[in-house]
Each structure stands twice: as C-alpha cells, then as structure tokens.
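I have placed the structure first, in the form of structure tokens, so that the comments after it can refer back to it.
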Amino acid sequence: MNRRNFLLGTGALVAAGGAFAWATSPNDFGVDTSQRVALKMPPLLDTRESRKLELTAQEGETSFFENAASKTIGFNQNYLGPTIKVKNGPLGAKVSNQLQTPVTVHWHGLLVPGEHDGGPHLPIAFGNNWQPDMQIQQSPATAFYHTHIHGRTASDVYAGLAGIIHVDDGRDDDRGIPNSYGVDDLTLLIQDRRFTDSGHLSYNLSMMDAMHGFTADTVLVNGQANTRAVVPKGIVRLRLINGSNARIYTFSADDNRPLHLIATDGGFLQEPKPIQELRLSPGERAELLVDFGNGESMTMLSSGDPNSGPGGMMGRVRGMLDLVVSRSFVVLPFVVDDRMPTRFNALPDRLNGDEPDLEGEEIVATRQISLDMNTGSSGMMGGGMMSNMGINGRSFDMSRMDLGVGLGTVEKWVVSTSMLAHPFHVHGVAFQVLNENSGEPKPESIGWKDTVVVDGVTELLVKFNMPASRDNPFMYHCHILEHEDRGMMGQFTVA
Ligand SMILES: [Cu+2]
C-alpha cells in the first residue's frame, strides 16, 4: 500500500509543477514497470460455435494485494466474469445463481427484447436459473454484462458481478484491425476500488459517497492492481470498458501520442478518429487503436473525475491524496516486447461502421427527461436522512410504468441535469447523440450509443426496435450505480 501512496505522491509533484502538461515519460510519472505484473485478460468464453452460454454467479475470495484475501463474487470465477464472444444468430444462455441473494444478468449493449434484457424484473433466486433463448442481431461491438437488482446493483457490481461481451462478425482481418485476444486486441475493464490499509476490498458508503457516487484511489484493470500491459511493436487495439460504479475517466497517453478512436458503444465508426483524450463514464465503451511501432513504452493516464472535485473530496479518508487523484493518475503502463508477433503496422483508412442517421426519420414524440439529485421524497432506501434521487421528480418504482413508446418509432429525448454529470443509459435501444449543450457531440458521443454523459442538456434521437412488455420493461437510468439504486431510474414499454 505504501508503494501506491508513493506513486500518487510523485504524480502530485508533476501535476503541481507541470500544470497539466503531463509528464513526458512514464518515469516522470513514477511508474517503475518492472515492479508491476503482466496484465491478464479475463478467460475467453467463445460461444460462436456452440451457440451456448453458461454463467454461474458464485462466491469466492480474491487477493488483490499479497496476503489479503477479500470476499468477492463473480461469474464462473472468484471475481468478475469471462469475456464472452458471440456472433449473430441464436444464443442459448443459462444463468445460474449460487448466491444467497438474487441476481440478474443485464446484457448492457445487446439489442434484445425486454424478456431477455436481464433488468430488475428478472431476478434469479438462490439455486435457480434463467434460460433466455436469445437472437443476436447487431453490428460488431464491445458490450458489457452485469447484475441489475434494484437497490443492490452498486454493491454487487462492486463485489464482482460484471464482465465483457465481444460481438464479433469474423471480419476484423478484412478491416485491417487487430483481433488476437490478449495479444494485439486487449480488453480493459477499468474499475476503481478502495482497500483498507491491510489490503482488503472495502465498500463503506458514506452520505457523501452516496451523493457523488462511490469513487476510490486504486485502479484495477480486469480486477488486477499494479499491472503493466505487454504489447507487440505495431498497432494495438484497446477495448476500454468503464466498469466503475461512479468514476468518469478522461484517458490520455503520457507522451501525447494520438489515440485513434475506432468504435463507441454500438460499434465501429466510419473511419478512425485521432483524439488526444477520451472521456468514458460508467457503462460506456470505446475502442482505440494505438501505434506502438516506434517501440516506445506509453503510460495511459486519466485526469480526475469531474464529479469529485476538491470540494467533494474533503470529507474522505485519504483527503490530500484524493486531491492528487482528482488531477491525474496512472491507469496502465504499456511496455513493448518486439519478440511478440506484429500483425498490423498501419492504421486502416476506413472502417465502414454502421453510423446512425436518424435525422431524416419521423420523430413521433419529444420528451423531457430530467435527472434529479433530490426528489424530496424519502423512500424505503437505506439512505437514512438522505432523500431519494429520481427522474422528472419521481423516484424509481418497480410497480409504476413511466413511459410507453411505439415499436419501430423514433423519439427525441432531451436529457438534462442541474447538478453533477450523469451517465445516462437506455436499455434495449441504440441512440444517436444530436447535440451536447447545443454543440456538436464530442468524439466519444458519435456513432450508435447506449450510454452518454449528460452535463447540462443532451439531445438524443432514440429508435425503439425491440419490444418490451409491462412485465419485462426496459430501464432508462443514471449509470452511477449509487444514483441508480437510489431511484434515478425509470422504465418503459415498447409495443
Ligand atoms: Cu447520476
């Protein structure tokens, strides 16, 4: 633990002296990569031939730091779940629950009907299983899966009930992009976690945490602390998934090399888009190509969470360290090994992704959706004196249907916030971001999306292609999990 504090301390000097002109080499940022272990990918569960998927929610123990085993939960393992590779066509899933408490599996980013969506109306009790017979029909993308029981999503995802999905069409070689899992195609599930001084995983939610969302000072990648990624000398694909409860990252390379954005939530863009930084909120995914052809190491950094500025941090245990974290911190160092096989040396010109163009379609309704930090009511949630959060003045109620929309129609949703930035996620749809605070969407908000940061007013065009009944409606909610659990969520039917 002392080592980590030291690293953050070094970062402080750089941040203070350099005023956001980041360190020019990893060493300036205090990263000694020889002290880090090689990053592992989650196990790969390839369903493309079998068309079968079995997941079991189970208890386990995980030692994130030496001699400190924490109680965790996972799918098919102790913490987190496998990376599931799927292709279009049938997929017979069976999800079993060996935990004493109910779980669901929400396929975040798969376009499936409400009865297969795994929302809070589809709990699996201890000893039971759920067998959705799904049809996958969508563009290749990186998706996410996690439990979604109302009121305990935050604590259960934090303890490990989450994993990644690759929707694959077998054509990445034709696109000219890396696709060797764990070699030149890295899946990076980014989560921040708190640990006690003895190195045990901790989720003790203060009133302040509940308000701002639970952020922490230790970054885990695929459930591992203090790792380095070893990559070939060439083009490397990074699939970034923000699996944190609340932290919004803004990633950049410490040497300012361009990051080439190739995909957002719903799949590929038309062409690679060079960017200097990538903002990613909980539930969002993005894919980058990074050129390691010069053989130089690079450290991926993030600047601080916009919701956890110095004011919001003061009440926290690590006070001053958190101030440092709110400026910048190391996410993952990359080290080049030129003995590894290099398959791609150049960026593709075109990706020919299926980009949205809903502007020409008839808009059948315009809805105002306001994400409210205080609905004034004090419901059944365990927040003590704290008021519930909500949408349009109402806290989530499983028994109340908030909206009904028409199957196959397009609506404009005007989503607004008045306090903090909130990642807004809609189940069962892909949407197009029309504008953000009246301006052009940021690069990470282009393409088909299902989650977008709203900090002010964001206008979306949403197309409803999947049905959802009153018994199994779709959710729309803030993906800061502490906000969602406190009621910043609504539900809708599509028919
Ligand atoms: Cu929120």
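Just so you know, we're using our numbering here: the sequence shown kicks off at 1036 and counts up by one. Positions of the beta carbon are idealized from the N, C-alpha and C atoms, including for glycine.
Query                                                                                                                       : Result
Three-state secondary structure (DSSP) of His1457                                                                           : strand
Continuous beta strand (DSSP E) assignments of at least 3 residues falling wholly in the stretch 1432-1508                  : 1438-1440, 1445-1452, 1457-1461, 1465-1471, 1486-1489, 1492-1498
Between the CA atoms of Ala1264 and Gly1052 - distance to the nearest angstrom                                              : Any reading at Gly1052 needs caution, since the residue's pLDDT is 30, under 50, leaving its predicted position unreliable; the model's value is listed next. C-alpha separation (whole angstroms): 28 Å.
Proximity of His1185 and Ala1197 at Cβ, strictly below 7 Å                                                                  : no
Nearest to Gly1525 (by Cα), restricted to the options Ala1281, Leu1438, Asp1490, Val1464                                    : Leu1438
Exposed unless 16 or more other CB atoms sit within 10 angstroms - verdict on Gln1133                                       : exposed
Spatial neighbours of Lys1129 in its chain, beta-carbon cut-off 6 Å, leaving aside the 5 residues before and after          : Glu1089, Asn1164, Gln1166
Environment of Phe1239 [buried if 16+ CB atoms lie within 10 Å]                                                             : Per the sequence shown, residue 1239 should be read as Asn rather than Phe. Under this definition Asn1239 is an exposed residue.
Rounded straight-line distance, which links the Cα of His1183 to that of Gly1154                                            : 6 Å
CB of Leu1146 within 7 Å of CB of Leu1223, strictly                                                                         : no
Ile1515 CB to nearest heavy atom of ligand 1 below 6 Å                                                                      : yes
Whole-number beta carbon distance between Val1492 and Val1464, since they are thought to touch under 8 Å                    : In fact, because the Cβ distance is near 20 Å, the residues do not count as touching under 8 Å.
Cβ separation of Gly1149 and Phe1509, assumed to be a contact under 8 Å, to the nearest whole Å                             : 6 Å
Run of the alpha helix (DSSP H) containing Ser1190, from where it starts to where it stops                                  : 1188-1194
Reference Gly1258, options Asp1289, Gly1195, Glu1319, closest by Cα                                                         : Gly1195
Assigned exposure category for Ile1200 - 16 Cβ within 10 Å defines buried                                                   : buried
Three or more C-beta pairs below 8 Å linking the stretch 1311-1328 and the stretch 1474-1481                                : yes
Gly1414 versus Phe1459 - alpha carbon distance                                                                              : Model confidence at Gly1414 stands at a pLDDT of 47, short of 50, so the residue's coordinates are unreliable; what they give is reported in the following sentence. Distance between the alpha carbons of Gly1414 and Phe1459: 22 Å.
Whole-number beta carbon distance between Ser1430 and Lys1522, since they are thought to touch under 8 Å                    : Here the sequence assigns Gly to residue 1522, which means Lys is not the residue at that position. With a Cβ gap of about 3 Å, Gly1522 and Ser1430 count as contacting.
Span of the beta strand (DSSP E), counted from its first residue to its last, around Arg1429                                : Here Arg1429 belongs to no beta strand (DSSP E), and DSSP marks it neither H nor E.
Nearest to Asn1470 (by Cα), restricted to the options Val1450, His1462, Asp1485, Val1461                                    : Val1450
Cβ-Cβ distance between Phe1230 and Asn1280 below 7 Å                                                                        : no
Burial state of Phe1161 (16 or more Cβ within 10 Å)                                                                         : exposed
Distance, Asn1329 Cα to Leu1442 Cα                                                                                          : 51 Å
Met1523 beta carbon near ligand 1 (any heavy atom closer than 6 Å)                                                          : yes
Bridge-paired residues (DSSP) for Gln1226                                                                                   : Leu1255
Short Cβ contact (7 Å threshold) for Asn1342 with Ala1456                                                                   : yes
Beta-carbon spacing of Ala1400, Glu1446 below 7 Å                                                                           : yes
Cα-Cα separation between Val1121 and Thr1082, rounded to whole angstroms                                                    : 6 Å
Exposure label - Ser1504; buried when at least 16 CB within 10 Å                                                            : exposed
Cut-off 6 Å between Cβ atoms - residues of its own chain near Glu1312, not counting five sequence neighbours on either side : Thr1285, Ser1287
3 or more residues per run - each beta strand (DSSP E) lying fully within the stretch 1252-1294                             : 1253-1256, 1262-1266, 1270-1277, 1284-1288
Rounded C-alpha distance that separates Val1072 from Asn1214                                                                : 23 Å
His1457: CB within 6 Å of a non-hydrogen atom of ligand 1                                                                   : yes
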